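Take a look at the structure set out below.
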Amino acid sequence: MDVREALYTTRMMRRMRPDPIPLETQCRILDAAIRAPNGGNTQRWHFLVVDDREHKEKLAELYRECREREYQEIAAGLMGRSLHGDDEERAETLRKIKASGKYFTDHFAEIPLLIFVFSIDDHGGANIYPAIWSTFLAARAEGVGGVMSTVLRYAEDTVTDMLHVPVEQGWRMTAMLAFGYPLGRWGVAANRRPVHEVASRNHWGQPFGAEIPAPLWSGPTEPAGTQHNA
Ligand SMILES: Cc1cc2nc3c(=O)[nH]c(=O)nc-3n(C[C@H](O)[C@H](O)[C@H](O)COP(=O)(O)O)c2cc1C
Numbered sequence: 202m203d204v205r206e207a208l209y210t211t212r213m214m215r216r217m218r219p220d221p222i223p224l225e226t227q228c229r230i231l232d233a234a235i236r237a238p239n240g241g242n243t244q245r246w247h248f249l250v251v252d253d254r255e256h257k258e259k260l261a262e263l264y265r266e267c268r269e270r271e272y273q274e275i276a277a278g279l280m281g282r283s284l285h286g287d288d289e290e291r292a293e294t295l296r297k298i299k300a301s302g303k304y305f306t307d308h309f310a311e312i313p314l315l316i317f318v319f320s321i322d323d324h325g326g327a328n329i330y331p332a333i334w335s336t337f338l339a340a341r342a343e344g345v346g347g348v349m350s351t352v353l354r355y356a357e358d359t360v361t362d363m364l365h366v367p368v369e370q371g372w373r374m375t376a377m378l379a380f381g382y383p384l385g386r387w388g389v390a391a392n393r394r395p396v397h398e399v400a401s402r403n404h405w406g407q408p409f410g411a412e413i414p415a416p417l418w419s420g421p422t423e424p425a426g427t428q429h430n431a
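Using my numbering, the first residue of the sequence shown is number 202, and each one after it goes up by one.
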């Protein structure tokens, strides 16, 4: 797969088939992920793969509770402020995330593969998110989609206890990645503010020097601007 296709079309896919992901595919995904850069090449990361149904059912309950808590915080205005756009746009973005998030939550126990990512001193995520994103790109090349979530942070102690994580050694949960073969179609992530609105040159706020009104890559999967928020 062309690297640009992977970069432009690796959307978060919340609707997936329950079909298992073969072990060889899992190997190719994680073997690519561990090539990611990390500070001092200390590789203080651990990928805990969960496919046990009993675990997933317990985690599904926890996920539902944590999600409720997150929405309460959003509703209280703690997090909603960070969504870009005016109030109406923010409400619409939130509505869409909630709708696809509901499907994901209701089908959580059927997700074929969860990968819990743990790290030590992750430098505010800088040391671990390159590997997390490589996991998604490598999965994309295999036709596997998914979503990353930090919602379970509200229940971190319960999760680490359940998964026997050696927290006394400093391991902390960074994110949960959920993977499966997507029900939706891959499309360009067009719902982004364009480069000229989020970039400047030499001084903050000075024009970047070019306007890019539409994604610069649009094929071969689907035409530019097509949105399938799965
Ligand atoms: C750190 C982080 C945490 C996220 N947490 C969640 C989450 O808990 N649930 C979820 O459905 N999506 C989560 N996402 C995915 C974002 O909601 C998603 O990237 C965004 O809505 C844009 O959608 P798109 O990538 O499909 O275009 C998270 C993304 C990041 C980077």
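All C-beta atoms, glycine included, are put in the ideal place defined by N, C-alpha and C. Since the structure is predicted, the reported quantities are computational estimates derived from the model, not experimental observations.
{"Query": "Own chain partners of Pro-221 with C-beta closer than 8 Å, once the 5 adjacent residues on each side are dropped", "Result": "Asp-252, Pro-313, Leu-314"}
{"Query": "Reduced DSSP category for Phe-305 - H, G, I as helix; E, B as strand; rest coil", "Result": "helix"}
{"Query": "Given 8 Å, three or more beta-carbon pairs between the segment 256-265 and the segment 346-356", "Result": "yes"}
{"Query": "With 16 other Cβ atoms within 10 Å as the buried cut-off, status of Gln-227", "Result": "buried"}
{"Query": "Arg-205 to Gly-344 span [Cα, whole Å]", "Result": "15 Å"}
{"Query": "Supposed close pair Ala-390, Arg-212 - CB separation, criterion 8 Å", "Result": "5 Å"}
{"Query": "Check: Ile-316 C-beta below 7 Å from any heavy atom of ligand 1", "Result": "no"}
{"Query": "Beta strand (DSSP E) runs contained entirely in the segment 223-280, provided each spans 3 or more residues", "Result": "246-251"}
{"Query": "Alpha helix (DSSP H) segments (min. 4 residues) lying fully within the segment 352-410", "Result": "357-363, 396-399"}
{"Query": "Helix, strand or coil at Ser-419 [DSSP, three-state]", "Result": "coil"}
{"Query": "Coarse secondary structure for Ile-333, derived from DSSP in three states", "Result": "helix"}
{"Query": "Whole-angstrom distance between Thr-361 and Met-377, CA atom to CA atom", "Result": "12 Å"}
{"Query": "Continuous alpha helix (DSSP H) stretch holding Val-348: start and end", "Result": "Premise fails: Val-348 lies in the beta strand (DSSP E), 346-350, not in any alpha helix (DSSP H)."}
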